[in-house]
Amino acid sequence: MTDAECVALLRWVLPRLGLRFEGFRRVRRSVCRRVARRIAALGLADAAAYTHFLETHAEEWARLDALCRVPISRFHRDWGVFEALRRVVLPSLAETARVRPERCLRCWSAGCASGEEPYTLAACLELEIVPRFPGLRFAIVASDVDDRLLARARSARYAASSIREVPPSWREALFESRDGLFEVRARFRRSVELRLEDLRREAPDGPFDLVLCRNAAFTYFSTPLQNDVLARIAARLRSGGALVLGRHESPPGAAARFVPWPGAQSTFRWLGSETRRAPV
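Position in the sequence shown counted from 1, then plus 273, gives you my numbering.
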């Protein structure tokens, strides 16, 4: 399958999956290689034959949907984002959470892939935030559409390449070495609930103080679907809560009440649905 054939195929299939071609420009070749292997495995001649196969085999769309996912995940990915969470955002959220009767800060990692993001967040809260706010509890819900990735998250075992950005001061506390891999210690895994959910259609029950939705919905999803996802997130965020996106992402145009969080990279404060305030 030539690159031109793959581009034409992607332009046809992606909108039908609620995805947008523009989001795949940097990863298109990787996705094309996967699709080409699938076409070969089916014994089909080319992309045109695969198009016909999709039109006559409805179950193949789920397989293609999986081939179009681009999970790229590491611990402490985008160092500046987690530094801003540690220094600016989480202390503010913790201050509010600890005066509530349950004294619990609730977080949602949407599109958690193989678990690196929620476990990084658990380490940040356990090692940096909870000691500063005695009595504070936290809970993290982590969801993804791919059960194979969630199986890796449940095992919580990672290669050295996945942890290279973890601060040295965290490494010994967060991991124990096992069979040449780095396993997240039980004290950090207990706070993370892993759930199989498709962000395009469902979300865990709120309310949440913090939602991380990075490098997925607001890169790959179509604009109408981005708006749907954002509305679903807003419905689950407490007023004053934080939404963290990827470094090159921003809320879609209808997001007037998500405003940049001062001093926090890629982070937006939800002003709530009760009042309309000017961006700060």
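Using N, Cα and C, we set each Cβ at its ideal position, and we do this for glycine too.
Tell me which same chain residues have a C-beta within less than 7 Å of the C-beta of residue i, skipping the five on either side of it?
i, result
"residue 367", "378, 402, 406, 409"
"residue 456", "429, 430, 448, 449"
"residue 235", "For the chain, the structure presents residues 274 to 553; residue 235 sits outside this window and is missing."
"residue 400", "443, 446"
"residue 370", "376, 377, 378, 409, 482"
"residue 550", "Low confidence applies to residue 550: its pLDDT is 41, below 50, so where it sits in the model is not reliable, and the reading given next is rough at best. 544."
"residue 536", "357, 361"
Sorted by chain position, which residues of the same chain lie with C-beta nearer than 8 Å to residue i's C-beta, five sequence neighbours on each side aside?
i, result
"residue 319", "274, 278, 312"
"residue 375", "410"
"residue 458", "446, 447, 448, 449"
"residue 347", "389, 434, 435, 436, 437, 438"
"residue 285", "324"
"residue 315", "323, 326"
"residue 297", "283, 287, 304, 341, 343, 493"
Which residues in the same chain have their Cβ closer than 6 Å to the Cβ of residue i, if we skip the five residues on either side of it in sequence?
i, result
"residue 489", "384"
"residue 293", "495"
"residue 353", "538"
"residue 300", "343"
"residue 545", "512"
"residue 382", "390, 391, 415, 485"
"residue 553", "Interpretation of residue 553 is limited by its pLDDT of 33, a score under 50 that renders its predicted location unreliable; the figure taken from the coordinates is listed afterwards. Excluding positions up to five away in sequence, the list reads 532."
Residue i by DSSP, collapsed to three states: which one?
i, result
"residue 383", "strand"
"residue 404", "helix"
"residue 342", "coil"
"residue 543", "strand"
"residue 510", "strand"
"residue 272", "Nothing in the structure corresponds to residue 272, since the chain is present only between 274 and 553."
"residue 280", "helix"
"residue 516", "strand"
"residue 390", "helix"
"residue 274", "coil"
"residue 522", "coil"
"residue 286", "helix"
"residue 551", "In this prediction, residue 551 scores a pLDDT of 38, lower than 50, which makes its location untrustworthy; the coordinate-derived value is nonetheless stated afterwards. Residue 551 falls in the coil class under three-state DSSP."
Check the DSSP bridge columns for residue i and list the partner residues they point to.
i, result
"residue 533", "541"
"residue 377", "410"
Say yes only if the C-beta of residue i is nearer than 6 Å to one or more non-hydrogen atoms of the ligand NAD, and no if none qualify.
i, result
"residue 316", "As for the ligand NAD, it is missing from this structure, which has no ligand bound."
- Message: Restricting to runs no shorter than 3 residues, where is the beta strand (DSSP E) found entirely within the stretch 406-477?
- Response: 410-417, 448-451, 454-457, 465-469
- Given 8 Å, three or more beta-carbon pairs between the stretch 337-345 and the stretch 438-446: no
- Task: Only counting runs of 4 or more residues, tell me where the alpha helix (DSSP H) segments fall wholly within the stretch 288-364, in order along the chain.
- Result: 301-314, 320-329, 333-340, 352-357
- Message: Using 8 Å as the cut-off, can you tell me whether the stretch 458-476 makes contact with the stretch 392-402, which would need three or more C-beta pairs spanning the two stretches below that distance?
- Response: yes
- Message: Three or more C-beta pairs under 8 Å: does that hold for the stretch 502-520 against the stretch 420-439?
- Response: no
- Task: Could you say if the stretch 497-515 and the stretch 469-486 meet the contact criterion of at least three C-beta pairs nearer than 8 Å?
- Result: A contact exists between the stretch 497-515 and the stretch 469-486.
- 3 or more residues per run - each beta strand (DSSP E) lying fully within the stretch 474-504: For the stretch 474-504, the full-length beta strand (DSSP E) segments reaching 3 residues or more read 481-485 along the chain.
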